[in-house]
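Report on one structure; see the data block that follows.
2 protein chains.
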Amino acid sequence: MTTPSQWGQPRTSLFTDHYELTMLQAALHSGAAHRASVFEAFARRLPDGRRYGVVGGTGRFLEGLAEFRFGAQELDFLAHNKVVNDETLSWLADFKFSGNVYGYAEGELYFPNSPILTIESTFAQACILETYVLSVLNHDSAIASAASRMIMAAGSRPCIEMGSRRTHEESAVAASRAAVIAGFHSTSNLECGLRYGVLTQGTAAHSFTLLHDSEEEAFRAQVQSMGASTTLLVDTYDVEAAVRKAVEIAGPDLGGVRLDSGDLLAQAHDVRALLDSLGNVNTRITVTSDLDEFAIAALAAAPVDSYGVGTSLVTGSGAPTASMVYKLVSRKGTDGEFRPVAKAAKNKTSVGGKKYALRRLNPRGIATAELVGIGALPENDGNDRPLVHQFMTNGELVPGWTGQAGVQRATARHAASLAEMPGAARRLQRGDPVIPTEYLQSTPAHD
Amino acid sequence: MTTPSQWGQPRTSLFTDHYELTMLQAALHSGAAHRASVFEAFARRLPDGRRYGVVGGTGRFLEGLAEFRFGAQELDFLAHNKVVNDETLSWLADFKFSGNVYGYAEGELYFPNSPILTIESTFAQACILETYVLSVLNHDSAIASAASRMIMAAGSRPCIEMGSRRTHEESAVAASRAAVIAGFHSTSNLECGLRYGVLTQGTAAHSFTLLHDSEEEAFRAQVQSMGASTTLLVDTYDVEAAVRKAVEIAGPDLGGVRLDSGDLLAQAHDVRALLDSLGNVNTRITVTSDLDEFAIAALAAAPVDSYGVGTSLVTGSGAPTASMVYKLVSRKGTDGEFRPVAKAAKNKTSVGGKKYALRRLNPRGIATAELVGIGALPENDGNDRPLVHQFMTNGELVPGWTGQAGVQRATARHAASLAEMPGAARRLQRGDPVIPTEYLQSTPAHD
Numbered sequence: 002m003t004t005p006s007q008w009g010q011p012r013t014s015l016f017t018d019h020y021e022l023t024m025l026q027a028a029l030h031s032g033a034a035h036r037a038s039v040f041e042a043f044a045r046r047l048p049d050g051r052r053y054g055v056v057g058g059t060g061r062f063l064e065g066l067a068e069f070r071f072g073a074q075e076l077d078f079l080a081h082n083k084v085v086n087d088e089t090l091s092w093l094a095d096f097k098f099s100g101n102v103y104g105y106a107e108g109e110l111y112f113p114n115s116p117i118l119t120i121e122s123t124f125a126q127a128c129i130l131e132t133y134v135l136s137v138l139n140h141d142s143a144i145a146s147a148a149s150r151m152i153m154a155a156g157s158r159p160c161i162e163m164g165s166r167r168t169h170e171e172s173a174v175a176a177s178r179a180a181v182i183a184g185f186h187s188t189s190n191l192e193c194g195l196r197y198g199v200l201t202q203g204t205a206a207h208s209f210t211l212l213h214d215s216e217e218e219a220f221r222a223q224v225q226s227m228g229a230s231t232t233l234l235v236d237t238y239d240v241e242a243a244v245r246k247a248v249e250i251a252g253p254d255l256g257g258v259r260l261d262s263g264d265l266l267a268q269a270h271d272v273r274a275l276l277d278s279l280g281n282v283n284t285r286i287t288v289t290s291d292l293d294e295f296a297i298a299a300l301a302a303a304p305v306d307s308y309g310v311g312t313s314l315v316t317g318s319g320a321p322t323a324s325m326v327y328k329l330v331s332r333k334g335t336d337g338e339f340r341p342v343a344k345a346a347k348n349k350t351s352v353g354g355k356k357y358a359l360r361r362l363n364p365r366g367i368a369t370a371e372l373v374g375i376g377a378l379p380e381n382d383g384n385d386r387p388l389v390h391q392f393m394t395n396g397e398l399v400p401g402w403t404g405q406a407g408v409q410r411a412t413a414r415h416a417a418s419l420a421e422m423p424g425a426a427r428r429l430q431r432g433d434p435v436i437p438t439e440y441l442q443s444t445p446a447h448d
Numbered sequence: 002m003t004t005p006s007q008w009g010q011p012r013t014s015l016f017t018d019h020y021e022l023t024m025l026q027a028a029l030h031s032g033a034a035h036r037a038s039v040f041e042a043f044a045r046r047l048p049d050g051r052r053y054g055v056v057g058g059t060g061r062f063l064e065g066l067a068e069f070r071f072g073a074q075e076l077d078f079l080a081h082n083k084v085v086n087d088e089t090l091s092w093l094a095d096f097k098f099s100g101n102v103y104g105y106a107e108g109e110l111y112f113p114n115s116p117i118l119t120i121e122s123t124f125a126q127a128c129i130l131e132t133y134v135l136s137v138l139n140h141d142s143a144i145a146s147a148a149s150r151m152i153m154a155a156g157s158r159p160c161i162e163m164g165s166r167r168t169h170e171e172s173a174v175a176a177s178r179a180a181v182i183a184g185f186h187s188t189s190n191l192e193c194g195l196r197y198g199v200l201t202q203g204t205a206a207h208s209f210t211l212l213h214d215s216e217e218e219a220f221r222a223q224v225q226s227m228g229a230s231t232t233l234l235v236d237t238y239d240v241e242a243a244v245r246k247a248v249e250i251a252g253p254d255l256g257g258v259r260l261d262s263g264d265l266l267a268q269a270h271d272v273r274a275l276l277d278s279l280g281n282v283n284t285r286i287t288v289t290s291d292l293d294e295f296a297i298a299a300l301a302a303a304p305v306d307s308y309g310v311g312t313s314l315v316t317g318s319g320a321p322t323a324s325m326v327y328k329l330v331s332r333k334g335t336d337g338e339f340r341p342v343a344k345a346a347k348n349k350t351s352v353g354g355k356k357y358a359l360r361r362l363n364p365r366g367i368a369t370a371e372l373v374g375i376g377a378l379p380e381n382d383g384n385d386r387p388l389v390h391q392f393m394t395n396g397e398l399v400p401g402w403t404g405q406a407g408v409q410r411a412t413a414r415h416a417a418s419l420a421e422m423p424g425a426a427r428r429l430q431r432g433d434p435v436i437p438t439e440y441l442q443s444t445p446a447h448d
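Residue numbers (our numbering), protein chains in the order written: chain A, 2 to 448; chain B, 2 to 448.
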């Protein structure tokens with residue numbers, strides 16, 4: 002596995018809103034900065050009409066947390082621009098996160114108010130992580146949630162992530178990673194291949210055909226150089242003529258053809274019939290061109306072998322960000338006792354206190370509810386699956402959640418969690434969350 | 002100015018789709034890789050109903066192009082995973098872009114088919130830049146385009162970019178930069194402050210109030226530590242009580258109060274009246290809470306002094322990506338002559354050849370059309386403003402377009418270009434592009 006510093010990831014400490022550090026300064030002044038505190042990342046709602054969300058980014062956050070330090074360049078910037086005072090600068094110079102991190106496994110499904118990530122530390126330590134926690138989780142979860150629906154729509158046919166050009170270059174790497182966690186077979190993004198060991202794949206672009214004096218010349222170059230198992234792009238000029246030429250040049254072992262425009266449904270049928278009539282029964286058909294989960298579902302009856310998905314994957318298919326928030330839910334008072342806290346403003350109620358969460362499963366192993374509570378875990382009747390894991394203990398990473406192994410584990414977790422869901426989870430139509438979130442108020446709200 | 006390598010930006014060369022490198026391999030095999038080629042980035046359409054687009058990302062692309070090299074780690078990855086063959090690996094090992102780059106100034110307005118970025122080089126060199134060019138331009142232009150509408154809606158009131166937590170941590174930096182280019186006054190993103198020298202700002206979060214035993218204690222800590230000119234968040238519990246307390250603690254010099262929930266219109270009126278009645282006529286009111294250009298416009302008559310904009314800015318307010326494409330438009334043939342090329346597939350027509358572009362201005366300096374043509378510039382009647390600049394000459398950067406100076410120049414360019422637009426550009430309602438794109442077919446399509 003490679004690590005963020007090996008691929009040159011910059012410090013992560015300034016991926017932070019100005020006010021996190023000024024709040025730190027004011028809290029250091031009042032002394033409250035050192036109060037033991039519990040912050041929780043959760044979503045009050047799913048994107049409009051979605052049946053479930055998928056946790057993405059936990060591994061990336063844990064990797065980046067190790068780099069969350071304030072070196073000379075960062076401190077100079079903060080000092081020169083008078084963002085914070087000297088007392089705060091020296092606190093930051095010594096900062097290394099030393100608290101506990103708990104949360105849902107990456108790849109797990111989540112629902113409204115699921116306690117997705119919990120940070121237990123001092124106010125000072127937990128406060129300054131807010132922006133970074135949310136940037137990573139909100140982006141990656143939005144992509145993973147959209148990707149999961151595409152995978153369901155695609156059934157057993159593989160999906161290839163191809164959206165890098167439609168999003169920021171670093172988002173593209175994270176989006177590829179999130180797509181693979183949700184079940185994508187591979188990605189076109191080479192940097193994601195390097196960082197996370199995921200399979201990369203590609204075909205060819207129209208420019209490659211246009212570069213050559215004829216489509217035939219282009220196909221011949223590609224087949225000679227890449228082998229007959231390559232995938233040829235057949236819609237630059239005339240699809241039927243291109244398919245005939247492709248088969249003539251590559252022979253019966255031609256790996257695949259790609260269709261990137263026009264009426265994909267009709268074309269897939271025509272091209273399949275043509276390929277079969279030419280004896281190329283094993284040549285696969287890949288379709289691309291602004292696919293989303295609905296377009297994929299609409300192609301279910303077409304003879305398509307794989308889907309390349311771009312724009313709508315990396316933009317979250319209508320929900321480009323998850324709406325997770327990061328709230329102080331519990332902190333010690335002057336009496337040394339933890340107490341839950343919550344603001345009173347309209348329409349933004351939070352439930353205070355550190356939470357546990359369980360997925361209630363019926364005797365057939367099908368999920369029926371998301372149980373969230375404060376305090377001690379209730380008696381387990383054997384069918385409740387605990388959802389909260391510990392990722393970091395006193396600043397030390399619990400192994401297995403990061404890097405390439407973390408991605409593989411998250412992929413497995415996602416598949417298993419999805420398999421537990423009732424059938425309604427597979428409906429693409431708008432609706433309510435597929436299972437309700439229920440609060441258990443069994444024990445008093447102490448930690 | 003700091004440079005990408007100083008802030009630890011990773012190599013940019015693998016922000017690339019797999020197929021760019023396999024096309025390179027096949028083109029090296031056929032020999033066509035070395036054909037002089039012109040690629041162009043443009044958008045066939047604006048996001049649905051938008052009146053104009055704003056070019057963002059040009060400076061970032063030029064900064065990253067300098068880092069677009071293939072070192073040992075990248076080459077090892079490509080070799081180990083058999084992405085390309087040895088001939089291609091040695092070509093990549095020697096790669097340093099040595100062509101020309103032309104395009105619209107960053108901050109400039111664009112319209113359907115404006116030639117936003119043109120790369121003139123060999124096919125090999127220009128092809129492998131495709132994904133990176135588009136990632137940067139599509140993301141940053143989407144944000145700049147949305148930000149520009151927010152600025153228009155805000156009129157003379159400053160907008161503060163606060164969306165970092167709603168997008169990938171690196172997108173957040175680029176989004177802040179794009180927002181500032183479009184006219185945002187400042188950002189909450191510290192990393193953007195460090196890299197591009199833009200002003201950072203912040204207030205306080207609800208957690209800061211909840212941390213303390215009372216709102217009064219929290220306000221007192223913030224005012225004592227940050228000074229009376231700070232902005233206090235007044236909607237954690239009861240707004241009226243909080244404003245009274247804030248004034249009591251900070252006195253007549255209290256800088257501002259922030260409202261983050263509820264009916265912002267009614268609250269702004271109430272809070273302004275209360276502040277004035279307490280003698281705090283200079284205390285500013287900042288509003289936040291899921292603002293977009295429409296919500297900002299709806300607050301035009303409210304006594305609001307500044308807007309904090311988050312989610313809808315960093316997600317492009319409904320258009321999270323610009324739909325720019327990067328197409329081979331012209332290349333030399335075996336006869337050594339340049340010829341325009343374009344694919345024939347349905348609904349995706351491109352016009353071949355290297356382009357110029359002019360903004361036609363009427364005698365009062367108001368834009369009336371976007372003129373795009375192939376070949377020699379037409380006679381200028383004195384009212385046409387040339388839009389295409391040269392950014393790189395034989396691989397050497399033309400100074401002035403990158404870093405902090407590049408951001409300042411782009412900000413000025415955007416303001417000047419917007420001032421040229423007819424009044425309809427300021428309409429937030431859906432409509433056609435505010436000026437038409439016209440093709441001039443004056444000269445034959447040679448370069």
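Each residue gets a CB set at the ideal place from its N, CA and C atoms; glycine is no exception.
**Q.** Lys97 of chain B and Arg70 of chain B closer than 9 Å at C-beta
**A.** yes
Q: Provide the residue span of the beta strand (DSSP E) that contains Thr119 of chain B, from first to last.
A: 118–123
Q | First through last residue of the alpha helix (DSSP H) which encompasses Asp385 of chain B | A | First-last for Asp385 of chain B: 385–387, but that is the beta strand (DSSP E), not the alpha helix (DSSP H).
(Q) So Gln223 of chain B contacts chain A; which residues on that side make the cut at Cβ distance below 7 Å? (A) Residues of chain A passing the Cβ test: Ala27.
Q: With 9 Å as the threshold, decide whether the Cβ of Pro321 of chain B is near any Cβ in chain A.
A: yes
Q) What in chain A is Cβ-close to Asn283 of chain B, meaning under 9 Å? A) Chain A residues near Asn283 of chain B: none, gap ~21 Å exceeds 9 Å.
Q. Is there a Cβ from chain B that is less than 9 Å from the Cβ of Arg178 of chain A?
A. no
**Q.** chain B contact residues for Ser136 of chain A, given Cβ-Cβ distances below 7 Å
**A.** Ser165, Arg166, Thr168, His169, Glu170, Ala173
**Q.** Close beta carbons around Asn86 of chain B, own chain, < 8 Å, minus the five adjacent residues each side
**A.** Gln26
(Q) My output table needs one value for Pro321 of chain A: the three-state DSSP class, helix, strand or coil. (A) coil
Q. Can Glu272 of chain B and Val326 of chain B be called in contact, C-beta distance under 9 Å?
A. What sits at residue 272 of chain B in the sequence shown is Val, not Glu. The answer is no: Cβ separation not under 9 Å.
Q | Tyr53 of chain B at chain A interface by Cβ criterion, 9 Å | A | no
Q | Nearest neighbour of Arg36 of chain A, chosen from A:Lys333, A:Glu371, A:Pro423 [CA to CA] | A | For Arg36 of chain A, the nearest C-alpha among the options comes from A:Lys333.
Q: Could you tell me if Thr59 of chain B is buried or exposed, where buried requires 16 or more neighbouring beta carbons within 10 angstroms of its beta carbon?
A: buried
Q) Using a beta-carbon distance below 9 Å, is Glu218 of chain A in contact with chain B? A) Under the Cβ distance rule, Glu218 of chain A counts among the residues neighbouring chain B, one pair being separated by less than 9 Å.
Q: Any chance you could list the beta strand (DSSP E) runs of at least 3 consecutive residues sitting entirely within the stretch 276–350 of chain B, in chain order?
A: 285–288, 307–310, 325–333, 339–341
**Q.** Residue from A:His169, A:Gly280, A:Val199, A:Glu171 with nearest C-alpha to Ala183 of chain A
**A.** A:Val199
Q | Residues near Ala320 of chain A in its chain [Cβ-Cβ closer than 8 Å; skip 5 each side] | A | Pro48, Asp49, Arg51, Ala143, Ser146, Ala147
Q: Could you check what DSSP says for Thr89 of chain A in three-state terms: helix, strand or coil?
A: Helix at Thr89 of chain A.
Q. Under a three-way DSSP split, which group does Val56 of chain A fall into?
A. coil
**Q.** Cβ shell of Met153 of chain B (< 6 Å), same chain only, five flanking positions each side left out
**A.** The answer, listed in chain order, is Arg427.
Q: Use the C-beta contact count for Thr335 of chain A: other C-beta atoms within 10 angstroms, 16 or more gives buried, fewer gives exposed.
A: exposed
Q: Evaluate Gln223 of chain A with the Cβ neighbour count: other Cβ atoms within 10 Å of its Cβ, from every protein chain shown; 16 or more gives buried, anything less gives exposed.
A: Flag for Gln223 of chain A reads buried.
Q | Limits of the beta strand (DSSP E) - the one that Val258 of chain A falls within | A | 257–260
**Q.** Members of the stretch 203–218 of chain B near chain A, C-beta cut-off 9 Å
**A.** Gly203, Thr204, Ala205, Ala206, His207, Ser208, Phe209, Thr210, Leu211, Leu212, His213, Asp214, Glu218
**Q.** Asn190 of chain B burial status per 10 Å Cβ neighbour count (16 or more: buried)
**A.** So Asn190 of chain B counts as buried.
Q) What number of angstroms, rounded off, separates the C-alpha of Cys128 of chain B from the C-alpha of Ala80 of chain A? A) 44 Å
Q) Do we get a CB-CB distance below 9 Å when we pair Lys347 of chain A with the residues of chain B? A) For Lys347 of chain A, the predicted structure reports a pLDDT of 43, less than 50, and the residue's modelled location is therefore unreliable. The matter cannot be settled from this model.
Q: Run down chain A in chain order and give the residues with a C-beta less than 8 Å from the C-beta of Asp18 of chain B.
A: What Asp18 of chain B touches in chain A: Met163, Ser165, Arg166, Ser189, Asn190, Leu191, Gly203.
Q. Can you tell which of A:Thr23, A:Thr232, A:Glu241 has its C-alpha closest to the C-alpha of Gly228 of chain B?
A. A:Thr23
Q) Does any residue of chain A bring its CB to less than 9 Å from the CB of His270 of chain B? A) no
Q: Apply the 10 Å Cβ neighbour rule to Gln202 of chain B and answer buried if 16 or more other Cβ atoms are within range, or exposed otherwise.
A: Gln202 of chain B should be labelled buried.
Q: List the whole-angstrom C-beta distance separating Thr119 of chain A from Gly104 of chain A, where the pair is believed to meet the contact cut-off of C-beta under 8 Å.
A: 6 Å
(Q) Less than 6 Å between C-beta atoms, sequence neighbours within five positions excluded: which residues of the same chain meet that for Pro159 of chain A? (A) His186, Ser307, listed in sequence order.
Q) Can you give the beta carbon distance from Glu421 of chain B to Ile367 of chain B, rounded, assuming they're within the 8 Å contact cut? A) Rounded to the nearest angstrom, the Cβ distance from Glu421 of chain B to Ile367 of chain B is 6 Å, consistent with a contact under 8 Å.
Q.
Given a cut-off of 9 Å on the beta-carbon distance, is the pair Thr168 of chain B and Thr322 of chain B in contact?
A. no
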